[in-house]
Amino acid sequence: MTATVRKAGPAEETVSIQFRGGLYTLMRLKVSNPRDQAFFTALMTKIAQAPDFFRHAPVVLDLQDLADAPPFNMAELIRRLRQHQLVPVAVANGTDEQNKAAINAGISILRGGGGEAPVPRPAEISVLPTGEPREPSAAAEPAAGQTLLVTQAVRSGQQIYARHSDIIVLASISAGGELLSDGHIHVYGTLRGRAHAGLKGNGAARIFCRSLEAELVSIAGFWRVREDMPDDLIGKPVQIFLKGEQVVIEPLP
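Residues 317 to 569 (the numbering used here) are what the sequence shown spells out, left to right.
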């Protein structure tokens, strides 16, 4: 969406304002009991495992577990999260009163489930350079249910998503690059950056790579950051899968 505004004055100037769609991954923090100090203690422990990853990270507050909870101070919750250098940007799955409190506290509301990552139109791929979101690219789109084949390296700032499809990458993923797939992810080079398999909740999805150097990997929304990965598997061929609610990293046979 583009709007053009003409500035009055001796030398007329045109200012163009653009709103463009983009695909971004956001962390979702399940808020269990914001009145209990134990919640913040557990949060501090988690952040301490990977402080650089969480620093200034935008998060969506999932309030699903608080549907029947007594009222709590939303502004105070947001303030305390910011003290831990998290950046709350929205709430999801909140009640009407919780949503109103979020708006009053200066953050937004994600409707329509909130627990599922935003996706482009069916069977389309998004490649987004940093700082300039683009429309989904249909040039590389696979047919529904088929595998997306990527033959070139995924550069820093690029994000590739395939809906209802596995991804096979014949090259490497640079630091800052990102892969998202509803199915499996296969990388025949070095996996740096981030990789998200089973994006729609498929817990059977796996990630395979020839050399693991990723910043973050996730399966069906459960994730591990670089600081939490086994040192002896960095730079090695691995498979990554979900066991219960734990992301497991094992060497390839």
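Even glycine gets a Cβ: it sits at the ideal position worked out from N, Cα and C. Treat the numbers as computed from the prediction; the structure is a model and nothing was measured.
What three-state label does DSSP hand Asp-412 in the structure shown? Asp-412 sits in a helix when the DSSP states are folded into three classes.
Starting from the N-terminal side, write out each stretch of the alpha helix (DSSP H) that is 4 residues or longer and does not extend beyond the stretch 531-564. none
Is the beta carbon of Gln-334 within less than 7 Å of some heavy atom of the ligand SAM? With respect to the ligand SAM, the structure offers nothing, as it holds no ligand at all.
Should Pro-452 go down as buried or exposed, given a rule of 16 or more other Cβ atoms within 10 Å for buried? In this prediction, Pro-452 has a pLDDT of 35, which is less than 50 and means its spatial position is unreliable; what the coordinates show is noted afterwards. Buried, by the Cβ-count rule.
Roughly how many whole angstroms lie between the Cα atoms of Arg-427 and Pro-569? 43 Å
Any Cβ of chain B within less than 8 Å of the Cβ of Gly-499? Absent here is chain B; the protein component of the structure consists of one chain.
Ordered along the chain, which non-local residues of its own chain (more than five positions away) have a Cβ less than 7 Å from that of Glu-432? Any reading at Glu-432 is ruled out, since the residue's pLDDT is 43, under 50, leaving its predicted position unreliable.
Burial state of Arg-510, where buried means 16 or more other Cβ atoms lie within 10 Å: buried
Which ranges would you report for the alpha helix (DSSP H) in the stretch 344-410 if only whole runs of at least 4 residues count? Given a length threshold of 4 residues, each whole run of the alpha helix (DSSP H) inside the stretch 344-410 is given here in chain order: 353-365, 367-370 and 390-399.
Assuming contact is defined by CB atoms lying nearer than 8 Å, are Ala-408 and Ile-423 in contact in what I supplied? no
Do Cys-525 and Pro-567 have their C-beta atoms within less than 8 Å of each other? no
Which partner residues does Arg-510 have in the DSSP bridge list? Arg-510 is bridged by DSSP to Glu-494 and Leu-532.
Considering only C-alpha positions, which residue in the set Gln-468, Gly-473, Leu-496 and His-400 is nearest to Ser-488? Gln-468
Closest to Ala-536 by CA distance: which of Thr-463, Met-343, Ile-425 and Ser-332 is it? Met-343
For Gly-560, is the classification buried or exposed, using 16 other Cβ atoms within 10 angstroms of its Cβ as the cut-off for buried? exposed
Residue from Ile-394, Arg-522 and Gly-492 with nearest C-alpha to Tyr-340: Looking at the Cα atoms, Gly-492 is the closest of the given residues.
Give the C-beta separation of Ala-530 and Gly-499 to the nearest angstrom, bearing in mind that I take them to be a contact with Cβ-Cβ under 8 Å. Between Gly-499 and Ala-530 the Cβ distance is about 18 Å, and since that is not below 8 Å, they are no contact.
Mind checking Ser-497: buried by the 16 CB within 10 Å criterion, or exposed? buried
Using a Cβ-Cβ cut-off of 7 Å (strictly less than) and excluding sequence neighbours within five positions of Pro-350, which residues of its own chain qualify? Phe-388 and Leu-393
Cα-Cα separation between Ile-565 and Ile-501, rounded to whole angstroms: 14 Å
Could you tell me the boundaries of the beta strand (DSSP E) in which Gln-475 lies? First-last of the beta strand (DSSP E) with Gln-475: 475-478.
Where Gln-475 falls, given that 16 or more other Cβ within 10 Å makes a residue buried: Per the 10 Å Cβ criterion, buried.
If you draw a straight line from the alpha carbon of Ile-556 to that of Gln-353, how long is it in whole angstroms? Between Ile-556 and Gln-353, the C-alpha separation is close to 34 Å.
Leaving aside the five residues before and after Val-403 along the sequence, list all residues of the same chain whose C-beta is less than 7 Å from its C-beta, in chain order. His-372, Ala-373, Pro-374 and Val-375, listed in sequence order.
On the three-state DSSP scale, how would you describe Ile-419? Helix, per DSSP.
What's the call for Arg-286, buried or exposed, on a 16-neighbour Cβ count within 10 Å? Absent from the model: residue 286. The displayed extent of the chain is 317 to 569, so no value can be given.
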